[in-house]
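Below: one structure, written as structure tokens.
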Amino acid sequence: MSSSSDDRIETRVIHGGQAIEPVTGAVMPPVFQTSTYAQPWPARHTGYEYSRSQNPTREALERCVADLEGGCEGVAFGSGLAASATVLHTLPKGARIVCGDDVYGGTYRQLERVFRPLGHHIDYVDLSGADPVSSIPEGTDMVWLESPTNPLLKVADIRAISARAKAVGATVVVDNTFATPIFQRPLELGADLVLHSTTKYLNGHSDVVGGIVVAGDPAHAEPLRFLQNAIGAVNGPWDAWLTLRGLKTLALRMERHQQNALQIVEWLQAHPDVKAVRYPLSPADPGYAVASSQMSGFGGMVSFVLDADLARAERFCALTRIFTLAESLGGVESLLELPASMTHASVPAEERLARGIEDGLVRLSIGIEHAEDLIADLDQAIQRSRDPDSAHPPA
Ligand SMILES: *Cc1c(COP(=O)(O)O)cnc(C)c1O
Numbered sequence: 021m022s023s024s025s026d027d028r029i030e031t032r033v034i035h036g037g038q039a040i041e042p043v044t045g046a047v048m049p050p051v052f053q054t055s056t057y058a059q060p061w062p063a064r065h066t067g068y069e070y071s072r073s074q075n076p077t078r079e080a081l082e083r084c085v086a087d088l089e090g091g092c093e094g095v096a097f098g099s100g101l102a103a104s105a106t107v108l109h110t111l112p113k114g115a116r117i118v119c120g121d122d123v124y125g126g127t128y129r130q131l132e133r134v135f136r137p138l139g140h141h142i143d144y145v146d147l148s149g150a151d152p153v154s155s156i157p158e159g160t161d162m163v164w165l166e167s168p169t170n171p172l173l174k175v176a177d178i179r180a181i182s183a184r185a186k187a188v189g190a191t192v193v194v195d196n197t198f199a200t201p202i203f204q205r206p207l208e209l210g211a212d213l214v215l216h217s218t219t220k221y222l223n224g225h226s227d228v229v230g231g232i233v234v235a236g237d238p239a240h241a242e243p244l245r246f247l248q249n250a251i252g253a254v255n256g257p258w259d260a261w262l263t264l265r266g267l268k269t270l271a272l273r274m275e276r277h278q279q280n281a282l283q284i285v286e287w288l289q290a291h292p293d294v295k296a297v298r299y300p301l302s303p304a305d306p307g308y309a310v311a312s313s314q315m316s317g318f319g320g321m322v323s324f325v326l327d328a329d330l331a332r333a334e335r336f337c338a339l340t341r342i343f344t345l346a347e348s349l350g351g352v353e354s355l356l357e358l359p360a361s362m363t364h365a366s367v368p369a370e371e372r373l374a375r376g377i378e379d380g381l382v383r384l385s386i387g388i389e390h391a392e393d394l395i396a397d398l399d400q401a402i403q404r405s406r407d408p409d410s411a412h413p414p415a
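According to our numbering, the sequence shown is numbered sequentially starting from 21.
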């Protein structure tokens with residue numbers, strides 16, 4: 021077993037960066053559940069001294085994801101937010117950051133509550149707008165973007181933004197959690213760093229919290245590798261191993277997530293109680309042109325606006341049987357959430373509306389169950405939610 025860069029991504033999710041374990045021939049990289057490694061002589065070691073600094077299971081995961089993203093090096097962390105914090109720690113004091121205005125809430129909280137007080141300047145701009153380039157002024161140190169975004173699934177032109185960032189000397193970080201390398205590889209589009217919450221699609225089974233950053237070149241990898249050890253927010257060997265196991269089926273899962281999503285989008289678009297559907301690989305979506313130029317598929321995230329007040333939208337979310345009402349996304353099981361009451365409840369109602377987060381906006385993370393079961397589930401919940409007595413909050 022060995023991998024080649026000529027192999028297609030369906031092959032590389034299984035073999036990328038992995039080799040047969042030399043002592044026993046184990047096909048899976050073992051879980052090296054150890055904190056330290058014996059040294060035959062003071063300061064003479066095998067290359068492995070201490071598991072915060074080096075761990076073979078974590079390294080197998082890092083090599084695999086680096087391979088999938090077409091980067092030179094992966095650096096794995098204990099969560100997506102540990103990954104983003106470590107990236108932000110590479111910046112000098114008083115750095116200028118331009119960030120998309122529709123980023124993951126935890127990223128926003130980290131920028132505002134952890135990094136702004138340290139003296140960084142942060143501007144939030146609509147990087148999916150018609151002219152994202154003019155939003156990146158001279159003197160910018162870092163551009164941070166998600167595409168597609170959460171929960172509005174807006175699409176940013178990664179090529180154009182990366183070209184502009186290069187011209188002003190800024191580092192471009194793309195949070196690729198939603199698309200995964202199966203459908204979008206930002207380093208190939210000019211980005212410098214790609215970040216994932218591996219908690220989501222890469223692991224895919226809702227049983228691990230983790231994060232990873234892949235650098236396109238050694239100059240961007242080196243400070244991250246240093247800070248991974250110096251800050252120490254590393255991914256544990258068990259979690260790295262579970263994520264490697266999850267990755268084996270990433271290509272299969274993404275294909276099914278997407279097939280299901282397409283059927284559900286079509287069904288939602290025809291439903292009289294649905295006001296709007298957001299899914300960038302549908303020609304009706306404003307992000308369609310850019311999405312088709314930089315993505316080969318879109319995966320399983322769909323948002324739609326139920327033609328309903330907040331009370332009915334909440335009933336709808338409580339009435340599904342297969343879709344579980346929960347935050348997070350990217351697992352084999354279908355989840356749904358109501359941004360106005362859950363992930364974006366802390367944003368004042370007026371600002372929420374101005375940003376397009378209506379009370380009836382529902383975000384679906386479409387799993388890999390049978391599409392017709394999922395549609396039947398949404399259908400019964402939409403029907404029943406019309407009745408104000410169909411569901412009540414727990415006492
Ligand atoms: C979940 C998520 C994160 C944060 O990752 P954690 O693993 O929860 O720390 C960052 N970005 C996006 C897009 C996410 O969905």
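Glycine included, C-beta positions come from ideal geometry on N, C-alpha and C. Owing to the predicted nature of the structure, the values given are computational and were not obtained by experimental measurement.
Status (buried if at least 16 other CB within 10 Å, exposed otherwise) for residue i
i	result
Glu357	buried
Gly36	buried
Leu70	Per the sequence shown, residue 70 should be read as Tyr rather than Leu. With fewer than 16 other Cβ atoms within 10 Å, it is exposed.
Lys113	exposed
Gln314	buried
His390	exposed
Arg406	exposed
Ala304	exposed
Pro42	exposed
Leu138	exposed
Heavy atom of ligand 1 within 8 angstroms of residue i beta-carbon
i	result
Asn170	yes
Ser405	no
Ser167	no
Leu301	no
Gly231	yes
Ala391	no
Gly126	yes
Leu262	no
Thr200	no
Ala253	no
Ser348	yes
Thr31	no
Thr197	yes
First through last residue of the beta strand (DSSP E) which encompasses residue i
i	result
Phe135	From DSSP, Phe135 is part of no beta strand (DSSP E); its letter is neither H nor E.
His240	Taken as a continuous stretch (DSSP letters only), His240 belongs to no beta strand (DSSP E), being part of the alpha helix (DSSP H) at Pro238 to Ile251.
Glu93	Glu93 to Phe97
Cβ distance (whole Å) where residue i is taken to contact residue j below 8 angstroms
i	j	result
Val322	Val294	Not a contact, Cβ separation roughly 11 angstroms.
Trp261	Val33	That pair is no contact at about 15 angstroms.
Leu355	Phe343	6 angstroms
Ala281	Leu339	That belief does not hold up - the Cβ atoms of Ala281 and Leu339 are roughly 21 angstroms apart, past 8 angstroms.
Gly376	Val352	That pair is no contact at about 29 angstroms.
Val228	Gly98	Incorrect: roughly 10 angstroms between the Cβ atoms, too far for contact.
N-terminal and C-terminal residue of the alpha helix (DSSP H) that residue i is part of
i	result
Met274	Leu270 to Gln289
Cys337	Leu330 to Leu339
Leu215	No alpha helix (DSSP H) holds Leu215; the beta strand (DSSP E) holding it covers Leu213 to Ser217.
Trp164	Looking at the DSSP string, Trp164 is not in any alpha helix (DSSP H); the run it does join, the beta strand (DSSP E), is Met162 to Glu166.
Leu416	Here the chain has residues from 21 to 415 only, and residue 416 is not among them.
Ile202	Thr200 to Phe203
Lys186	Ile178 to Val188
Gly398	With the sequence shown as reference, residue 398 is identified as Leu, and Gly is not the correct amino acid for it. Segment Ala391 to Ser405, the alpha helix (DSSP H) holding Leu398.
Arg83	Pro76 to Glu89
### Query
Counting pairs of beta carbons, one from the segment 144-161 and one from the segment 362-371, are three or more of them closer than 8 angstroms?
no
### Query
Is the number of C-beta pairs between the segment 211-219 and the segment 189-203 that are closer than 8 angstroms three or more?
yes
### Task
Would you check if there are 3 or more beta carbon pairs closer than 8 angstroms linking the segment 227-244 to the segment 82-101?
Taking a cut-off of 8 angstroms for Cβ pairs, the segment 227-244 and the segment 82-101 touch, as three or more such pairs fall below it.
### Message
Within 8 angstroms, do at least three Cβ pairs link the segment 274-290 to the segment 170-184?
### Response
no
### Query
So, do the segment 43-59 and the segment 102-114 have three or more beta carbon pairs nearer to each other than 8 angstroms?
no
### Three CB pairs or more closer than 8 angstroms across the segment 113-128 and the segment 159-170
The answer is yes - the segment 159-170 touches the segment 113-128, with three or more Cβ pairs under 8 angstroms.
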